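Q: Below: one structure in structure tokens.
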DNA sequence: TGTTAGCACTCACTCGCAGCGAGTGCTAAC
DNA sequence: GTTAGCACTCGCTGCGAGTGAGTGCTAACA
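Written as structure tokens, this is what we have:
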């Protein structure tokens, strides 16, 4: 007994119906709603086969069938290779982006919101990472008599800032020249390389030892801490779905959404594909046993890769989600892109 | 019939019990658990009076009594003036903060988390605002051949950054000198003042008109957008409380938490007091009809005020919350404080 | 006059049970 | 190979009795 064309069509119908209704679907429903030209009895036989093949589960004897993770897998794989992902919601997305400021984190936040409102699931956007960001410019600015703000600009366009406190009073000109020296010495280096280089620089500028040491500390914590911004949208969407009618489930899901670090790990796992779909157990996250995660990557001008993800129930509208994500991925790639001033210039 | 000492003690007992159990409390419970030396019958009479006075509600005839918003109000007012707010959880809070990086937003996020985990409610932290932040330093850094990153440092220690795109190729030295000029011209000004000043500056530096105009745009959007970071912690805590067993309520609460702008408005309303407690209807937010909001302010070195808030069910543990917030407020004031290097130096 | 014991009454909540109906698997006929 | 028919399963709904916490009232007591 194998998987023939007809079985596949029936399976597809079951998945479609289940995605829509979240109710176990019976043989009669299929034979009536999706005119297959087959009676319910025949469908029943096929369904029985499909269950044996592992594509369907039966919550209990007298209920309909529910697609298994394996079924979704098949469905999605087929979708990914065949569909070639349309991008018709392009306009909506684009419109959403017009007239917006371009601050990195705001764009990410906004993207997460758009993504979640367009899909009605939960969306996550991670900033570009990958190759270690390289320092472009360092600037020390006094904020009070004995405190300076260190601003580090990296090629990812990300700005990191931290306060340095010193005992003696700060001299504006000195800060300027130190900034200049630091930029000169460290530009092009990664944060960790810069940290290694610091002792030497301090040796060469004993007069500013305290300030420089403070700066070294800052770099060190920056490098270690490395908490990238995690943008999330539509966490409350999840509560719309009967899958999360159970409070306990909802709670554990939400609290997972709150631990950004872990979330970033989960979403950030990159495959070699531009799209990844992890279904149910494939997520490897107990709290997400009946969730699916769809991720896609976007690419910035300097080749760094960011990730966008949508989290929904396993019976999510994969085709819709993939479509929207495809579009969003492109948008972000353009926005952070190679310097073609297409999208931005529209503003 | 007035509010005498005994009535007050009984009311207090009812509130305490209800805060603990979230179950309507009956006369017997009070007479047994809190030894008042009174029989349940007497308590019943008093409770009947208290209900008439508006301090108690009765969900239905054969249930116990539940404190009304008016009762909490009384309770809290008494707490605020009498208690003088202890700060014994000081140590725990302090320990939490040690060894952390000092990036503004991270501190806020962290504060929100600590606040929520210490109270088991939802916590919100808003950055300092009030007096318009003033520009301290402006730096343009090239990020690609025809894009520059504008970094604006304000006296609030906040850094704002945005990308400027230009058509011609950027010259590093030119950027440097433009940065210098801009800093010279605009330092000490507020964003809006700076925006007004821009046309004049552009006239004086025709050679860099495009760049400067781009910068002007950035300032403009920055000034308008003005989306301060809103740190939230423990949203999922809310689901622990039977008040939110109803999915629909939970959903609307969570989705309110997601609309940061609105949330910031709600939390950010400043009274003249350092502590504000809004109970139930007093919040003015329909979604929070049975929530209370406690806010406190912290103050930065330059006199700007930030806000921290805790949101919980009306029957929240006010004394605990006020205590924790008192401590947290001080911590933050110190941290962003007048330059005394107490807390930070510990690191 | 304030306090208390006693009692009737209310009413949400739980539990068990019958009935319903969607859905299945099997069998026999087409 | 397909389909009609039928017996069977079993979760879900609704209903009615029983339970118990809690009240208000009255009458007795200090």
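Residue numbers (this note's numbering), protein chains in the order written: chain A, 264 to 610; chain B, 264 to 610.
Where a beta carbon is used, it is the ideal one built from N, C-alpha and C, also for glycine.
These figures come from a predicted structure and were not determined experimentally.
Does residue 469 of chain A have its Cβ less than 7 Å from a Cβ in chain B?
A: Here residue 469 of chain A refers to the residue found at position 206 of the first chain. By this cut-off, residue 469 of chain A is not an interface position.
Q: For a test of the three-state rule: what should DSSP assign to residue 552 of chain B, helix, strand or coil?
A: Counted from its first residue, the second chain places residue 552 of chain B at position 289. Residue state, collapsed to three classes: coil.
Q: Since residue 300 of chain B meets chain A, which of its residues come closer than 7 Å, beta carbon to beta carbon?
A: In the second chain, residue 300 of chain B corresponds to position 37, counting from 1. Correct list: empty, because the minimum Cβ distance to chain A is about 41 Å.
Q: Assign residue 496 of chain B to one of two classes, buried (16 or more other C-beta atoms within 10 Å of its C-beta) or exposed (fewer than that).
A: Residue 496 of chain B sits at position 233 when you count from the first residue of the second chain. Looking at its Cβ environment, which holds 16 or more other Cβ atoms inside 10 Å, residue 496 of chain B is buried.
Q: According to the neighbour-count rule (16 or more other Cβ atoms, all chains shown, within 10 Å of its Cβ), is residue 334 of chain A buried or exposed?
A: Position 71 of the first chain holds residue 334 of chain A. Residue 334 of chain A comes out buried.
Q: What would DSSP say about residue 290 of chain A, mapped onto helix, strand or coil?
A: Mapped onto the first chain, residue 290 of chain A falls at position 27. The answer is helix: DSSP assigns residue 290 of chain A an H, G or I state.
Q: For the region 288-299 of chain B against the region 542-549 of chain B, are there 3 or more C-beta pairs whose distance is under 8 Å?
A: Counting Cβ pairs under 8 Å, fewer than three are found: no touch.
Q: Pick out whichever of B:456, B:487, B:418 and B:399 has its Cα sitting closest to the Cα of residue 447 of chain B.
A: Residue 447 of chain B sits at position 184 when you count from the first residue of the second chain. Taking only the C-alpha atoms, the option nearest residue 447 of chain B is B:399.
Q: Going straight from the alpha carbon of residue 507 of chain B to that of residue 391 of chain A, what length do you get?
A: Here the question's residue 507 of chain B lines up with position 244 in the second chain. Here the question's residue 391 of chain A lines up with position 128 in the first chain. When rounded, the distance between both Cα atoms is 37 Å.
Q: Establish whether the CB of residue 327 of chain B and some CB of chain A are separated by less than 7 Å.
A: As a first step, residue 327 of chain B must be located in the second chain, where it is residue number 64. Chain A contact via Cβ: absent.
Q: For residue 276 of chain B and residue 293 of chain B, I'd like the C-alpha separation in whole angstroms.
A: In the second chain, counting from the first residue as 1, residue 276 of chain B sits at position 13. In the second chain, counting from the first residue as 1, residue 293 of chain B sits at position 30. Distance between the alpha carbons of residue 276 of chain B and residue 293 of chain B: 7 Å.
Q: Have a look at the DSSP bridge pairing and note the partners of residue 337 of chain A.
A: Numbered from its first residue, the first chain carries residue 337 of chain A at position 74. Residue 337 of chain A pairs with nothing; no bridge assigned.
Q: Residue 383 of chain B and residue 500 of chain B - do their beta-carbons sit closer together than 7 Å?
A: The residue labelled residue 500 of chain B in the question sits at position 237 within the second chain. The residue labelled residue 383 of chain B in the question sits at position 120 within the second chain. Yes; because the gap between Cβ atoms is below 7 Å, this pair is in contact.
Q: On a CA-only basis, which of B:516, B:593, B:588 and B:460 is nearest residue 343 of chain B? Give me that one, please.
A: In the second chain, residue 343 of chain B corresponds to position 80, counting from 1. Answer by Cα proximity: B:588.
Q: Give the secondary structure of residue 447 of chain B by DSSP, where H, G and I count as helix, E and B as strand, and everything else as coil.
A: Working through the second chain from its first residue, we reach residue 447 of chain B at position 184. Reduced to three states, the DSSP call for residue 447 of chain B is helix.
Q: Would you give the residue range spanned by the alpha helix (DSSP H) that residue 382 of chain B belongs to?
A: The residue given as residue 382 of chain B occupies position 119 in the second chain. Element bounds for residue 382 of chain B: 367-382.
Q: If you measure between the beta carbons of residue 519 of chain A and residue 550 of chain A, is that distance less than 7 Å?
A: Your numbering for residue 519 of chain A matches position 256 in the first chain. Your numbering for residue 550 of chain A matches position 287 in the first chain. Cβ atoms of residue 519 of chain A and residue 550 of chain A: closer than 7 Å.
Q: According to the Cβ coordinates, are residue 458 of chain B and residue 486 of chain B closer than 7 Å?
A: Reading the second chain from its first residue, position 195 is the one you call residue 458 of chain B. Reading the second chain from its first residue, position 223 is the one you call residue 486 of chain B. Yes.
Q: Alpha carbons only, please: which of B:265, B:330 and B:341 is nearest the one belonging to residue 582 of chain B?
A: Position 319 of the second chain, counting from 1, holds the residue named residue 582 of chain B. Answer by Cα proximity: B:341.
Q: With a threshold of 8 Å on Cβ separation, who are the neighbours of residue 320 of chain A within its own chain once the five nearest residues in sequence on each side are excluded?
A: As a working mapping, residue 320 of chain A is identified with position 57 in the first chain. The residues are 314, 328, 329, 330 and 331.
Q: Kindly give me the distance between the Cβ atoms of residue 476 of chain B and residue 465 of chain B, rounded to whole angstroms, as I take these residues to be in contact under 8 Å.
A: The residue given as residue 476 of chain B occupies position 213 in the second chain. The residue given as residue 465 of chain B occupies position 202 in the second chain. Right, the Cβ-Cβ distance comes to about 6 Å (below 8 Å), so this counts as a contact.
Q: Check for me: the alpha helix (DSSP H) holding residue 538 of chain A runs from which residue to which?
A: If you number the first chain from 1, residue 538 of chain A lands on position 275. Per DSSP, residue 538 of chain A belongs to no alpha helix (DSSP H); it is in the beta strand (DSSP E), 538-542.
Q: Just to confirm before moving on: does the CB-CB distance between residue 378 of chain B and residue 530 of chain B stay below 7 Å?
A: Taking the second chain and counting its residues from 1, one reaches residue 378 of chain B at position 115. Taking the second chain and counting its residues from 1, one reaches residue 530 of chain B at position 267. Not closer than 7 Å, so no.
Q: Let me see if you follow: with CB-CB separation under 7 Å, is residue 607 of chain A close to chain B or not?
A: In the first chain, counting from the first residue as 1, residue 607 of chain A sits at position 344. The predicted model places residue 607 of chain A with a pLDDT of 33, which falls under 50 and marks its position as unreliable, so this point remains unresolved.
Q: Relative to the alpha-carbon of residue 597 of chain B, which residue among B:563, B:555 and B:265 has its alpha-carbon at the smallest distance?
A: The residue labelled residue 597 of chain B in the question sits at position 334 within the second chain. Cα-wise, what sits closest to residue 597 of chain B is B:563.
Q: Hey, quick one: how far does the beta strand (DSSP E) through residue 526 of chain A stretch, first residue to last?
A: Taking the first residue of the first chain as 1, we reach residue 526 of chain A at position 263. From DSSP, residue 526 of chain A is part of no beta strand (DSSP E) but of the alpha helix (DSSP H) over 523-531.
Q: With a threshold of 7 Å on Cβ separation, who are the neighbours of residue 287 of chain B within its own chain once the five nearest residues in sequence on each side are excluded?
A: Translated into the one-based positions of the second chain, residue 287 of chain B becomes position 24. Excluding residues within five positions, the ones whose Cβ falls inside 7 Å are 322, 326, 327, 328 and 329.
Q: Among the candidates A:434, A:414 and A:491, whose CA atom is the shortest distance from the CA of residue 407 of chain A?
A: Position 144 of the first chain, counted from the first residue, corresponds to residue 407 of chain A. Considering only alpha carbons, the answer is A:434.
Q: Counting contacts by CB-CB distance shorter than 7 Å, is residue 564 of chain A in contact with chain B?
A: Stepping through the first chain from its first residue, residue 564 of chain A is reached at position 301. Judged by the 7 Å Cβ criterion, residue 564 of chain A is in contact with chain B.
Q: DSSP on residue 407 of chain A, reduced to helix/strand/coil?
A: In the first chain, counting from the first residue as 1, residue 407 of chain A sits at position 144. If DSSP states are grouped into helix, strand and coil, residue 407 of chain A belongs with the strands.
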